[in-house]
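Asker: This is the structure I want to talk about, given as structure tokens.
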């Protein structure tokens, strides 16, 4: 049995952090008297008012859109199920009619 492979260590060479990165980066946003004003404006334009319970405005809109898509898909599936069930019933009726005709033909052949 061969000996187990030698254990290897991987060392990552990372540069040392400079002293300039220790300071907080400057914000690129424009200062505003009311920081929530821009968020509130975006939410009212979209028709959704932000609340702490509903999360951010963006996620609320995505959630509403997702639920709407799911509801539409469920509705389409329901109508598709009804259509397929109707086709299945028609196929069963045709099958029973064909079985009856086949039995008549088999009986006629057995009499010959």
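Numbering (my numbering), first residue to last: 620 to 731.
For every residue, glycine included, the Cβ atom is placed at its ideal position computed from N, Cα and C.
#1: Residue 731 lies in the alpha helix (DSSP H); which residues open and close that run?
#2: Answer with buried or exposed for residue 676, where buried requires no fewer than 16 other C-beta atoms within 10 angstroms of its C-beta.
#3: Give the straight-line distance between the Cα atoms of residue 709 and residue 717, rounded to the nearest whole angstrom.
Answerer: According to the data block:
#1: What you label residue 731 is simply residue 112 of the chain shown in a count that begins at 1. Taken as a continuous stretch (DSSP letters only), residue 731 belongs to no alpha helix (DSSP H), as it is neither H nor E.
#2: Taking the first residue of the chain shown as position 1, residue 676 is located at position 57. Label assigned to residue 676: buried.
#3: In the chain shown, counting from the first residue as 1, residue 709 sits at position 90. In the chain shown, counting from the first residue as 1, residue 717 sits at position 98. Rounded to the nearest angstrom, the two C-alpha atoms are 12 Å apart.
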